[in-house]
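Engineer: This is the structure, below, for whatever I ask next.
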Amino acid sequence: MQFTHEHQQIYDTTKKFVETEINPHVLEWEKAGFWPAHEVLKKMGGLGLLGISKPDSVGGLGLDYSYQVAFAEALGFCTCGGIPMAIGVQTDMATPALARFGSDYLKENFLKPAVAGEMVAAIAVSEPGAGSDVAGIKTTARKVGEEYVISGSKLWITNGTQADWACMLVNSGEGDRHGNKSLIVVPLDAKGVDRRQKLDKLGQRSSDTAMIFLDEVRVPARNLIGQEGKGFTYQMQQFQEERLFLSASIIAAMERVIDDTAAYTRQRQAFGQSILDNQYVQFRLSELKTEVEALRALTYRATTELVAGRDAALLASMAKLKSGRLGREVTDACLQFWGGQGYMWESSVAQFYRDLRLHSIGGGADEVMLGIISKRLGYGGKRKPS
Amino acid sequence: MKALVSVKRVVDYNVRIQVKPDGSGVVTDGVKFSVNPFDEIAMEEAVRLKEKGKITEIVAVTIGGAKCEETLRTALAFGADRAVHVKEEGEVQPLTAAQALAAVFKKEGANLFLLGKQAIDDDANQTGQMVAALLDLPQATFASKVELEASKATVTREVDAGLETLEIDLPAVITADLRLNEPRYLKLPDIMKAKKKPIEAVTLADLGVTAGAGLKASKTVAPPKRSKGVVVKTVDELIAALKGKGLI
Ligand SMILES: Cc1cc2nc3c(=O)[nH]c(=O)nc-3n(C[C@H](O)[C@H](O)[C@H](O)COP(=O)(O)OP(=O)(O)OC[C@H]3O[C@@H](n4cnc5c(N)ncnc54)[C@H](O)[C@@H]3O)c2cc1C
Ligand SMILES: Cc1cc2nc3c(=O)[nH]c(=O)nc-3n(C[C@H](O)[C@H](O)[C@H](O)COP(=O)(O)OP(=O)(O)OC[C@H]3O[C@@H](n4cnc5c(N)ncnc54)[C@H](O)[C@@H]3O)c2cc1C
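Residue numbers (my numbering), protein chains in the order written: chain A, 6 to 391; chain B, 3 to 250.
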């Protein structure tokens with residue numbers, strides 16, 4: 006992936022937005038357990054930041070995914086992990102399938118407002134009984150006349166307490182668990198939707214996460230994305246963007262943690278020298294910087310494959326796996342060098358220790374990535390009969 | 003009314019400048035470059051004046067090598083209508099730059115030349131003044147407020163004694179200070195549109211300018227390292243410390 010002048014400009018605008026419009030509010034939003042998604046996304050939509058790789062017809066820029074990666078990377082300058090992730094839900098998790106397979110009606114009424122930042126979107130796949138095992142979801146959609154009637158529940162839904170609509174995976178039929186699913190756009194103000202339960206999390210606290218109950222929720226049949234029964238396939242495809250976004254979005258955060266650690270240990274004295282004067286500390290931080298740079302290279306390479314129209318599943322899964330693991334390694338190693346101060350809630354290293362921990366779980370756990378990688382490499386990966 | 007705005011490519015203000023080991027200059031390889039922040043402010047002002055209907059066309063100009071095209075693209079994304087690239091790969095000294103800019107101004111028949119009060123690389127703070135002298139035009143430097151009418155400009159400038167207001171006839175040269183405005187975010191559609199706006203390439207020779215070599219940089223050295231500070235608890239302690247150092 007080549008970082009052209011335009012990539013750099015998109016990166017610069019995003020970084021400037023994060024530093025002036027988001028970072029000054031992070032502490033307040035972290036404390037409140039909520040970020041004003043409508044307000045922030047509206048501003049971002051006005052700058053054209055929410056539709057970089059979406060088509061012109063919905064107000065996007067129609068650029069290839071490498072520009073989106075530049076955007077994701079610059080979001081990493083946020084001083085917490087929750088908000089970049091929540092923005093990514095809007096741009097890369099809830100909307101790719103809609104852009105690819107949605108009808109003109111759906112694009113006009115749901116995608117276009119999401120690109121403009123006038124509507125907040127959520128992706129609703131996980132459930133109390135199925136996270137990694139996506140095909141095991143239990144929520145059903147029955148077709149009754151010109152409507153789908155949806156019942157079930159969705160768990161850990163980012164932006165869930167305030168989103169206007171969700172791209173929801175449901176069982177729309179019987180039979181093969183990979184061929185009985187559909188993606189449906191569900192307006193979250195519909196009758197029968199109860200999303201009052203905001204979840205209390207270890208980290209990513211400014212990002213609201215909801216449990217959503219669906220009791221006989223009626224949605225027009227035309228809210229179906231693409232074809233009935235293709236939902237699982239669409240979702241697996243949509244995970245590509247999600248995984249690349251997630252990998253790219255925490256690179257700068259990790260670099261910040263390492264830089265902050267170098268700065269802190271440089272001024273902290275112990276045993277007659279600074280903590281950073283210990284070669285052990287220098288070497289560890291240098292090694293971590295190297296690892297982050299390698300993750301960036303891997304993410305770019307996966308992006309190049311995706312942009313070239315080749316199957317990027319293997320490399321995107323590798324990038325996702327590596328970013329989740331490295332997020333934990335960097336924050337744990339750095340927190341150690343801060344000593345007692347690192348263990349304090351308000352330290353920047355503790356912030357990312359909490360926030361980046363999600364990345365080995367959300368968007369597909371490390372083991373799920375390893376499953377995909379093993380299968381692609383031909384090491385096994387035979388599915389047990391369900 | 004046509005405005006000419008010059009934009010210079012400089013090492014980004016966030017970069018920690020490193021002096022080359024042989025003292026022949028500063029390290030520029032692998033370093034991020036941006037538009038000189040003061041020129042960005044000048045460009046923003048031009049765009050605002052255009053939005054108010056005071057200016058009809060904005061032409062951006064830069065002098066330098068191939069890489070400077072990026073600087074012009076940024077200016078075009080800000081809102082310049084077209085750009086002039088004075089191509090020169092070698093060193094461009096302040097007087098040469100001023101001569102070239104004055105020539106472009108004349109060639110364009112512009113009414114207003116807006117630029118930063120200085121570039122953050124050499125901090126020379128003389129281009130605007132020299133252009134005004136070469137063209138024998140009125141100048142208002144360090145502008146913190148600009149109001150434009152058909153044939154004159156009212157410029158508020160920050161001086162040691164406070165604020166000074168100048169009324170100058172157009173055409174004129176105005177240099178932008180930090181507090182003139184806050185440059186906008188570049189909108190992504192504008193970034194992409196800038197790719198298609200025209201950039202005209204000219205050489206110093208085309209403008210009838212010969213690169214001067216009147217100045218010679220003899221050596222570049224890093225500023226002395228700041229020595230460690232001390233924390234004082236009271237004003238009395240502070241006064242005593244300053245007296246002790248013979249500073250008051
Ligand atoms: C803060 C947050 C935000 C989220 N946002 C969303 C959202 O917006 N939308 C949404 O749909 N979901 C969301 N999720 C849910 C997330 O996608 C799931 O938590 C994730 O997919 C893991 O599923 P699970 O929690 O059910 O874990 P489980 O499936 O119960 O797995 C638990 C653990 O078992 C191990 N494991 C699983 N499978 C295997 C295997 N095959 N081999 C070996 N080990 C295995 C892994 O270590 C895994 O972490 C969010 C979660 C969190 C915490
Ligand atoms: C929750 C909590 C409860 C506590 N309770 C108490 C208490 O009840 N009483 C009390 O007295 N203290 C208490 N402490 C303080 C605790 O003992 C110190 O935090 C600990 O000894 C580390 O000291 P420090 O934080 O000053 O880290 P520093 O001395 O600043 O060290 C920071 C880091 O630098 C690295 N480092 C240090 N020295 C070296 C070296 N020579 N070579 C290489 N690396 C090095 C290590 O990774 C270390 O973690 C508590 C701390 C916490 C967080």
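Quick reminder that beta carbons are idealized off the backbone N, C-alpha and C, glycines included.
If you draw a straight line from the C-alpha of A:GLU179 to the C-alpha of A:SER291, how long is it?
Structural biologist: 54 angstroms
Engineer: Quick one: which chain B residues come within Cβ less than 8 angstroms of A:GLY383?
Structural biologist: Under the 8 angstroms cutoff, chain B gives no residues; its nearest Cβ is about 40 angstroms from A:GLY383.
Engineer: Return the Cβ separation of A:PRO101 and A:GLN243 in integer angstroms, given the expectation that the two are a contact with Cβ distance under 8 angstroms.
Structural biologist: 5 angstroms
Engineer: Please list, in chain order, all residues of the same chain as A:LYS48 whose beta carbon is under 8 angstroms from its beta carbon, the five residues on each side excluded.
Structural biologist: So the list reads PHE22, GLU26 and GLY122, once near-sequence residues are dropped.
Engineer: Give me the chain B residues within the contact set of A:GLY50, using Cβ-Cβ distance strictly less than 7 angstroms, ordered along the chain.
Structural biologist: Going along chain B, no residue has its Cβ under 7 angstroms from A:GLY50, so there is no contact; the nearest lies around 10 angstroms.
Engineer: Can you find a heavy atom of ligand 1 that lies under 6 angstroms from the Cβ of A:TRP350?
Structural biologist: Every heavy atom of ligand 1 is 6 angstroms or more from the Cβ of A:TRP350, so no.
Engineer: Nearest-angstrom Cα distance between B:THR156 and B:LYS4?
Structural biologist: 17 angstroms
Engineer: Using a 10 Å radius around the Cβ and a threshold of 16 neighbouring Cβ atoms, would you call A:PHE237 buried or exposed?
Structural biologist: buried
Engineer: Leaving out the 5 sequence neighbours to the left and right, which residues in its chain are closer than 7 angstroms to A:ALA253 when beta-carbon positions are compared?
Structural biologist: Excluding residues within five positions, the ones whose Cβ falls inside 7 angstroms are VAL74, ALA77, GLU78 and THR304.
Engineer: For A:SER62, count neighbouring C-beta atoms within 10 Å of its own C-beta (all shown protein chains included) and say buried if the count is 16 or more, exposed if not.
Structural biologist: exposed
Engineer: By the criterion of Cβ-Cβ separation under 8 angstroms, what are the contact partners of B:PRO39 in chain A?
Structural biologist: By Cβ distance, chain A contributes nothing, its closest Cβ being about 12 angstroms from B:PRO39, past 8 angstroms.
Engineer: Closer than 8 angstroms by beta-carbon distance: list the chain A residues that pair up with B:MET194, in chain order.
Structural biologist: GLU11, LEU66 and LEU68
Engineer: May I ask you to report which of helix, strand or coil DSSP gives A:ASN176?
Structural biologist: The three-state secondary structure of A:ASN176, taken from DSSP, is strand.
Engineer: Where are the beta strand (DSSP E) runs, 3 residues long or more, that stay fully inside the segment 147 to 210 of chain B, in chain order?
Structural biologist: 154 to 161, 164 to 171, 174 to 178 and 201 to 205
Engineer: To which residues of the same chain is A:ARG381 closer than 7 angstroms at the C-beta, ignoring the five residues directly before and after it?
Structural biologist: ALA318 and LEU319
Engineer: Since A:THR18 meets chain B, which of its residues come closer than 8 angstroms, beta carbon to beta carbon?
Structural biologist: TYR187, LEU188, LYS189, LEU190 and ILE193
Engineer: Buried or exposed: where does A:SER391 fall if 16 or more other Cβ atoms within 10 Å of its Cβ makes it buried?
Structural biologist: Residue placement at A:SER391 is poorly supported in this model, since its pLDDT is 48, which falls under 50; the coordinates still yield a value, given next. It counts as exposed.
Engineer: Between the segment 51 to 65 of chain B and the segment 4 to 22 of chain B, are three or more C-beta pairs nearer than 8 angstroms?
Structural biologist: yes
Engineer: With a threshold of 8 angstroms, are at least 3 pairs of Cβ atoms found where one atom belongs to the segment 191 to 201 of chain B and the other to the segment 67 to 80 of chain B?
Structural biologist: yes
Engineer: With H, G and I counted as helix, E and B as strand and the rest as coil, what does DSSP make of A:GLY50?
Structural biologist: helix
Engineer: So, with DSSP's three-state summary, where would you put B:ASP41?
Structural biologist: helix
Engineer: Does B:ARG75 have its Cβ less than 7 angstroms from a Cβ in chain A?
Structural biologist: yes
Engineer: Check whether the Cβ of A:ARG273 lies closer than 6 angstroms to any heavy atom of ligand 2, and answer yes or no.
Structural biologist: yes
Engineer: From the beta carbon of B:GLU149, is the nearest beta carbon of chain A less than 7 angstroms away?
Structural biologist: no
Engineer: Taking 6 angstroms as the cut-off, is the beta-carbon of A:ALA370 closer than that to any non-hydrogen atom of ligand 1?
Structural biologist: yes
Engineer: If contacts are defined as beta-carbon pairs under 8 angstroms, then B:ALA174 and B:LEU139 qualify, I think. What distance do you get, rounded to the angstrom?
Structural biologist: 5 angstroms
Engineer: Should A:LYS59 be flagged as near chain B, meaning a C-beta pair shorter than 7 angstroms?
Structural biologist: Under the Cβ criterion of 7 angstroms, A:LYS59 is not counted among the residues facing chain B.
Engineer: With a cut-off of 7 angstroms, does the C-beta of A:GLN346 fall near any C-beta of chain B?
Structural biologist: Contact with chain B is absent for A:GLN346, since none of that chain's Cβ atoms lies less than 7 angstroms from the residue's Cβ.
Engineer: Mind checking if A:LYS21 is an interface residue toward chain B, Cβ cutoff 7 angstroms exclusive?
Structural biologist: yes
Engineer: Output yes or no for whether 7 angstroms exceeds the beta carbon distance between B:LYS69 and B:ASN38.
Structural biologist: Against a cut-off of 7 angstroms, the Cβ pair of B:ASN38 and B:LYS69 comes out as no contact.
Engineer: Three-state secondary structure (DSSP) at B:THR64?
Structural biologist: strand
Engineer: Considering only residues of the same chain and omitting the five flanking positions on each side of A:LEU372, which have a CB-CB separation below 8 angstroms?
Structural biologist: In the sequence on display, residue 372 of chain A carries Glu and not Leu. So the list reads SER137, once near-sequence residues are dropped.
Engineer: Is the segment 11 to 27 of chain B touching the segment 142 to 152 of chain B, taking contact as three or more C-beta pairs under 8 angstroms?
Structural biologist: Counting C-beta pairs closer than 8 angstroms gives fewer than three between the segment 11 to 27 of chain B and the segment 142 to 152 of chain B, which falls short of the contact rule.
Engineer: I believe A:THR166 touches A:LYS112 by the beta-carbon criterion, under 8 angstroms. Please report the beta-carbon distance rounded to the nearest angstrom.
Structural biologist: The Cβ separation is near 26 angstroms, so there is no contact.
Engineer: May I ask you to check if the CB of A:GLN341 is nearer than 6 angstroms to at least one heavy atom of ligand 2?
Structural biologist: yes
Engineer: Mind checking which residues open and close the beta strand (DSSP E) that includes B:GLY118?
Structural biologist: 114 to 118
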